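Asks: Pasting a structure here, questions to come.
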Ligand SMILES: Cc1ncc(COP(=O)(O)O)c(C=O)c1O
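Residue numbers (this note's numbering): 44 to 424.
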């Protein structure tokens, strides 16, 4: 069981971390204020600096990711942006992969405006990383499994490449979650999450996580968060804490359901391609088996028929499975990435990495797998 610490005046420990909604705190004395600001004691002054409800969840997620500490912020994209703002500057190269969450492309456009160089590579061709590493490569960012095509990149290989030029390796672990993968133990410098997804798990909060293996990184990221004001509000932190109580159970069931769904879809004549790292013939299976545990996550991608109209018809016929974006929640969701998460990407970029107009992304929930497969079957037939 996890050990919890609560900063509470109640004598006994509350079973749930109290929601501290205060934005500011009355200074008990100048001496206490000095001790807090000098870091001699833990304490709070202003919400943008820190909040006890948020802090309790940070400590819990740090334990889950085998991290020294963790910084929580307002969204997954805020987490990613904070990492860029903290560790990159004009003239630096960020090396990343085509198959990553669509909004990364938008953030890259902003980075380019500030003089950064962003290089996009095919995740299935690791040798391209070696070819594109340069003296100004300061960061490698990957998602594994990736969004939406669940491609796998070898974290240990990326570590070796990053070491050639002293670059940081940042892994977005949103799809895998700490239940399946611990990137810090494989050499990553930072782990990012959209906690809006599997960690929260109920479609009712938005949050981002940056897990750090060293105190130094925590301090640097904390400085950025405090400066720009991306501190999470305590109500969302409390919902996240509640989500974490059932996280492992949910992650296990989602992976079990995703595997059964992937096997069913692989044998269906109307499904032209299934991508799931748990399938033996999947491009990422070998590496995923090496770096993931307890299964392969809850998300898969597949192509329905040959045209977008085939995929749309299939989605419209679903009765149990929801047509919605996001992933990692209790319900099973499907969406067409080209009409949703990848909408703003230039056409040639989508096709380069293999997302088709008829590609469907499915996030398996925790429902009865027979019922989910029956729903898929009636919608495909
Ligand atoms: C892999 C991945 N990273 C980051 C994000 C962004 O997270 P958020 O929506 O919490 O900003 C998402 C969102 O879907 C995602 O799938």
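Think of the CB as a built atom: it goes at the ideal place given N, C-alpha and C, for glycine as much as any other residue.
What you are looking at is a predicted structure, and each value in this text was computed from that prediction instead of being measured.
Would DSSP call residue 211 helix, strand or coil?
Replies: Three-state DSSP puts residue 211 in a strand.
Asks: Along the chain, where does the alpha helix (DSSP H) containing residue 109 start, and where does it finish?
Replies: Segment: none, residue 109 is in no alpha helix (DSSP H) and carries neither H nor E.
Asks: Could you check the C-alpha separation between residue 283 and residue 235 for me, to the nearest Å?
Replies: If you take the alpha carbons of residue 283 and residue 235, they lie about 16 Å apart.
Asks: Would the beta-carbon of residue 340 fall within 9 Å of that of residue 157?
Replies: No, these two residues do not count as a Cβ contact at 9 Å.
Asks: Below 6 Å CB to CB, which residues in the same chain sit around residue 180 once its five sequence neighbours on both sides are set aside?
Replies: Taken in chain order, the residues that qualify are 136, 138, 208 and 210.
Asks: The beta strand (DSSP E) with residue 251 in it runs from where to where?
Replies: Looking at the DSSP string, the run of the beta strand (DSSP E) that includes residue 251 is 251-255.
Asks: Determine, using beta-carbon pairs with one atom in the stretch 162-175 and one in the stretch 400-415, whether at least three such pairs fall under 8 Å.
Replies: At 8 Å Cβ cutoff, the stretches do not touch.
Asks: Alpha carbons only, please: which of 254, 390 and 405 is nearest the one belonging to residue 141?
Replies: For the residues 254, 390 and 405, the minimum Cα distance to residue 141 belongs to 390.
Asks: Do you know how far the Cα of residue 163 is from the Cα of residue 54?
Replies: Between residue 54 and residue 163, the C-alpha separation is close to 54 Å.
Asks: Between the alpha carbons of residue 204 and residue 231, how many angstroms are there, rounded?
Replies: Their backbone Cα atoms lie some 12 Å apart in a straight line.
Asks: According to DSSP, is residue 245 part of a helix, a strand, or is it coil?
Replies: DSSP places residue 245 in coil when its eight states are reduced to three.
Asks: Can you tell me whether DSSP reads residue 332 as helix, strand or coil?
Replies: If DSSP states are grouped into helix, strand and coil, residue 332 belongs with the helices.
Asks: Can you look up residue 323 in the DSSP assignment and give me helix, strand or coil?
Replies: Reduced to three states, the DSSP call for residue 323 is coil.
Asks: Assuming residue 250 contacts residue 96 (C-beta within less than 8 Å), just tell me the rounded distance between them.
Replies: About 12 Å separates the two Cβ atoms, so there is no contact after all.
Asks: Give the DSSP bridge partners of residue 64, in chain order.
Replies: None, per the DSSP bridge assignment.
Asks: List the residues that DSSP assigns as beta-bridge partners of residue 89.
Replies: In DSSP, residue 89 forms a bridge with 67.
Asks: Looking only at its own chain, which residues have a Cβ that is under 8 Å from the Cβ of residue 350, when we skip the five neighbours before and after it?
Replies: Cβ neighbours of residue 350 beyond the five flanking positions: 400 and 401.
Asks: Per DSSP, which one or two residues make a beta bridge with residue 316?
Replies: In the DSSP output, where bridge partners are listed per residue, residue 316 has 346.
Asks: Residue 147: buried (16+ other C-beta within 10 angstroms of its C-beta) or exposed?
Replies: It counts as buried.
Asks: Can you tell me whether DSSP reads residue 138 as helix, strand or coil?
Replies: Note: residue 138 maps to strand in three-state DSSP.
Asks: For the stretch 365-374 against the stretch 314-330, are there 3 or more C-beta pairs whose distance is under 8 Å?
Replies: Flag = no, the stretch 365-374 and the stretch 314-330 do not touch.
Asks: Name the two residues that bound the continuous alpha helix (DSSP H) containing residue 183.
Replies: Counting along the chain, residue 183 falls outside any alpha helix (DSSP H), though it belongs to the beta strand (DSSP E) covering 180-186.
Asks: Thinking residue 300 and residue 407 are a contact (beta carbons under 8 Å), I'd like their distance in whole angstroms, please.
Replies: Confirmed, Cβ separation roughly 4 Å.
Asks: Which runs of the beta strand (DSSP E), 3 residues or longer, sit entirely within the stretch 253-286?
Replies: None, since the stretch 253-286 contains no complete beta strand (DSSP E) of that length.
Asks: Whose C-alpha, out of 106, 376, 116 and 347, is nearest the C-alpha of residue 278?
Replies: When each option's Cα is compared against that of residue 278, the closest is 116.
Asks: I want to check one thing, is the minimum distance from the CB of residue 235 to the heavy atoms of ligand 1 below 8 Å?
Replies: Checking every heavy atom of ligand 1 against the Cβ of residue 235, one is found closer than 8 Å.
Asks: Tell me the residue span of the beta strand (DSSP E) that contains residue 235.
Replies: Taken as a continuous stretch (DSSP letters only), the beta strand (DSSP E) holding residue 235 covers 233-237.
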